[in-house]
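There are 2 protein chains.
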Amino acid sequence: MPLASTLISSVGIVTPQTAHFAAPLTLKSGAVLPAYDLVFETYGTLNADRSNAILVCHALSGNHHVAGWHAATDKNPGWWDNLIGPGKPIDTGRFFVIGVNNLGGCHGSTGPVSIDPQTGHAFGSRFPLVTVEDWVASQARLADTLDISRFAAIIGGSLGGMQVLQWSIAYPERVRHCLTIASAPKLTAQNIAFNDVARQAILTDPDFHAGDYYAHHTYPRRGLRLARMLGHITYLSDDVMGSKFGRILRAGAFNYGYDVEFEIESYLRYQGDKFADSFDANTYLLMTKALDYFDPTQHQAEPNLSAALQPAVADFLIISFTTDWRFAPERSREIVQALLDNERNVSYAEIVSNHGHDAFLMHDPHYHALIRAYMERVTT
Amino acid sequence: MPLASTLISSVGIVTPQTAHFAAPLTLKSGAVLPAYDLVFETYGTLNADRSNAILVCHALSGNHHVAGWHAATDKNPGWWDNLIGPGKPIDTGRFFVIGVNNLGGCHGSTGPVSIDPQTGHAFGSRFPLVTVEDWVASQARLADTLDISRFAAIIGGSLGGMQVLQWSIAYPERVRHCLTIASAPKLTAQNIAFNDVARQAILTDPDFHAGDYYAHHTYPRRGLRLARMLGHITYLSDDVMGSKFGRILRAGAFNYGYDVEFEIESYLRYQGDKFADSFDANTYLLMTKALDYFDPTQHQAEPNLSAALQPAVADFLIISFTTDWRFAPERSREIVQALLDNERNVSYAEIVSNHGHDAFLMHDPHYHALIRAYMERVTT
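As C-alpha cells, then:
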C-alpha cells in the first residue's frame, strides 16, 4: 500500500479506460481484426491546443498501467511511476501522458485471452500475430479518438523503443520528439535465438494445447516460467548478478541435489513463478514474435537503416546503458548514426549503469536528470 | 565415412576399453560408489619410462572418444580429432593419449543410465551427484591401473579445464604440464543461472519422473532439447551467429506463425533435437551441477585463488578466445594471475576468434600452432 507521501509525488489513484474500435484493422500479416478494444490510462491534463500529449509504449511484459495506483491497497505503482508524475522527469503538471496496452496483450486490450464474439470463446490460437507496425497503427487510431493530431513526445524502452521508431517512420508529422531507450533497430540472431528458446519452452509444454489451453482448463505454466527465467538472465548484467548474488549459497553449504542451492537459483525461480502466475502465455509468444519481426529495413534489397529512417522528422533522444547486453549501446548508436545521416536533431547518451537492460526501468539519477533536462525544452 | 586420407592423418580405428574398479569411492558429497567402471580410449604408445602419457578431460557433453574412428562407417571422428593424432599438435607419434568418459557419463562409464547391481535397474535418481574433485580422483585411479605415476600433460577445455586445475591442486606431483583452454576458475552467477534454467527445463518435464524415467519407459526429451538449445546460444558468439545466420529467413518471407521462420531457429532446434536423441538427461543434469560446484576457493574464509593454486607445481599453458562470453578471457586471466602470484611457469594466449566458446573445439591455425609449439618442448 502506498504511503501518503508516495501518493502525493505520484499521479495518485488512476482508473483505466477502454476505447472500442468498430472499424476493422488489417494487420501486416494480412489477417483482419474486425473490431478491438484498447485499454489505456491518462495522467495530467490535455491542454487547450491538444499539444502536450505524450504516448508511452510498453515493452514485452508491460501494459497501460504506467504510473500511479489502481487502489490504495496496491503493492506497487505503475511500471514507470519513478519517471512519470507531478514534478517528475516526465512532469504530469505539464504533460498529458497516455499509457496503452498493446493489441494482443493480456491486461484488457483485445488479445488471445479475450472472448472472440464470433465463437463466444477465448481467441487462443485464433488470435493473429501482430507486429510493431500494427501496434503503432492501432495507437494512431487511439490518438484520433482522443483528438490528438500530434504528440509532443513518444517514449519507449526496449520493444517500446521500436514502437517509437516506427511512429517516426509511419507518422512523421504526428510526433515532435522521440525518446528511444535501451532499444535496437532490429534483433540480432542471438536475440532471436533467446526468443525462440523461450517460445519452444511454451509451445512444447504439454499443457499448451496448440494455444487453446483456456478451453482445456489448463495452462502452460512450466513453459512460461522457463521463458521468463531465461528472459530475466538477459535483462540483468553479469555485473549486477555477480554483485547481488555471486556464488552465495542459500543454506551455506552444498546439498548435492537439484533443489535451490545458490541464491541466484532462488531469485530466478521466484521471478519465473511470479510471472507465470500473472501473464498469458499466448501474449508472451506473440510479443516475442513482434520483437523478432521488427526491422525498418526489411523491404530494402540492401538493408540501409539511414534510408529507412529518412521519413522521420522528429527530434530524438536516444539513451543506452553500458552493461545492457540484450540491446547494447552499439545498437543505439546504429540508430543515432542513421538519424545523423539524415541530418536529424539527435541527442545521445550512454549511461554508466551496472543494471543491464533493466536499467531503463530503474531510478538512476543521471538517467532521470537527462530525461528531465530534455523534456524541459519540449514546448507544450 | 572417413576418406582413406583422413584415416591416415588420424589415429585410425580405435576400440574403447573398460576399467573396473572394485574398491569403493567416497564422493565429495559423502555418498559412496561401491564399485564403478570407467570407459577410456588410448592413442599412441606408452614409452618404456611411462613418461609420455597425456590425459584429456572432457567438457559437458564430451566423452572418451577423443580421436579416431570407431568404425569406417562413422560419420564423424572423436571430438578432438583435429588436435590429436599422428603429426598433429598433440602428436600421437610422441605421446600416449588417454581419453576417459567421466563418472556419471552416459557413454560407458558408470552413470545414472547404468544398471545398479543392487537393484538390477538403472540407477536413475539414485546415482549420486559427482564433482570435478570426484572425477579427478577416479581418473587418478585409472592412471594407477595403467601404471602412470606422472602425466606429461593433462589437457582440457571448458569444464575439462577445471579438471586440469583440480589435478594441479590435488595431485601436483602427477602432472608436468597443464593445458587449460576456454575455462574459468569457477562459475559466475550468470553461468549458474543459465545452468539452472537448463536444469529446470529437464526437471519440470512431465516425462522426467524425478529422474526415474527409464523405469517409466519414457524420456524428458522436451526438457533436454530446450537445455541444449539454450546451451548452444552460450557456446556461440553473437558475432558468429550474426555472420552465419543474421536475420535470414528460411522461406524468404514471414509466415506469421510459430514454425521455423529464421534460419537461426532452424539451426537451434536441429541442435536440440540431435542432442536430445543421443544424450542422457540425468547425465546432463549432473554435469551442470559439477560445473556449478567447482570452486578451488570454496573452503577459504576469504576466496583467494592464488592461495588455492599454491600447491600446483606444473607448468601451465592457458588459452582463451576473444569472443567467448561463456568463459571470457578475463576468467582465464584470473587463473594466470593466481599462478604468477605463485611464481609458476605460465604461458597465456588470447586467440582472436569469432567462434565464441566453441572455438576450443575448432581448427584455428593460430590456436593449433600454439599448442603444437608448446607440446614440442614437452619432453617425453
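Chains as they are written, first to last, in numbering that gives the first Met the number 0: chain A, 0 to 379; chain E, 0 to 379.
The C-beta atom is built at its ideal place from N, Cα and C for all residues, glycine as well.
Rounded C-alpha distance that separates residue i from residue j
i	j	result
ILE114 of chain E	ASP133 of chain E	20 Å
LEU308 of chain A	PHE122 of chain A	35 Å
THR130 of chain A	LYS288 of chain A	8 Å
GLU40 of chain E	PRO88 of chain E	18 Å
TYR255 of chain A	GLY98 of chain A	48 Å
THR14 of chain E	ASP143 of chain E	21 Å
GLY241 of chain A	VAL196 of chain E	17 Å
LEU158 of chain A	ARG343 of chain A	22 Å
HIS120 of chain A	GLY29 of chain A	23 Å
ARG246 of chain A	PHE253 of chain A	11 Å
VAL174 of chain A	PHE293 of chain A	20 Å
ALA21 of chain A	PRO33 of chain A	7 Å
THR109 of chain A	LYS74 of chain A	26 Å
PRO302 of chain A	GLY155 of chain A	24 Å
TRP78 of chain E	THR25 of chain A	52 Å
THR378 of chain A	ALA313 of chain A	13 Å
ILE263 of chain E	ALA200 of chain E	21 Å
ALA327 of chain E	HIS19 of chain A	52 Å
HIS367 of chain E	ARG376 of chain E	15 Å
ARG227 of chain A	HIS64 of chain A	20 Å
LYS185 of chain E	LEU128 of chain E	18 Å
Opening and closing residue of the beta strand (DSSP E) in which residue i lies
i	result
HIS385 of chain E	Residue 385 of chain E cannot be examined here, being either before or after the span of chain E that is shown, 0 to 379.
LEU82 of chain E	No beta strand (DSSP E) contains LEU82 of chain E, which DSSP labels as neither H nor E.
LEU316 of chain A	314-320
Cross-strand partners of residue i (DSSP beta bridge)
i	result
VAL55 of chain A	A:GLY98 and A:ILE154
THR41 of chain E	E:ILE97
TYR257 of chain A	Per DSSP, none; premise fails for TYR257 of chain A.
THR25 of chain E	E:VAL31
ILE12 of chain A	A:TRP68
ILE114 of chain A	A:ALA121
ASP36 of chain A	A:HIS19
ILE89 of chain A	A:ILE83
Extent of the continuous alpha helix (DSSP H) run through residue i
i	result
HIS231 of chain E	220-234
PHE274 of chain A	262-275
LEU338 of chain E	328-340
ASP237 of chain A	237-243
SER305 of chain A	304-307
HIS365 of chain A	364-375
Residue i - DSSP class collapsed to helix/strand/coil
i	result
MET18 of chain A	Looking at the sequence provided, one finds Ala at residue 18 of chain A rather than Met. Note: ALA18 of chain A maps to strand in three-state DSSP.
ILE247 of chain E	coil
TYR292 of chain A	helix
ILE347 of chain A	For the record, residue 347 of chain A in the displayed sequence is Tyr; it is not Ile. Three-state DSSP puts TYR347 of chain A in a strand.
THR282 of chain A	helix
HIS208 of chain A	helix
ALA311 of chain A	coil
ALA252 of chain E	coil
GLN297 of chain A	coil
ALA214 of chain A	coil
ALA200 of chain E	helix
THR378 of chain A	coil
THR109 of chain E	coil
My parser needs the alpha helix (DSSP H) runs of 4 or more residues fully inside the region 116-197 of chain E; what are they?
Counting only runs of 4 or more, we get 131-144 and 158-169.
Near-chain B residues of the region 174-190 of chain A (beta-carbon distance less than 8 Å), N- to C-terminal order:
Although the question refers to chain B, the structure presented lacks it and instead comprises the protein chains A and E.
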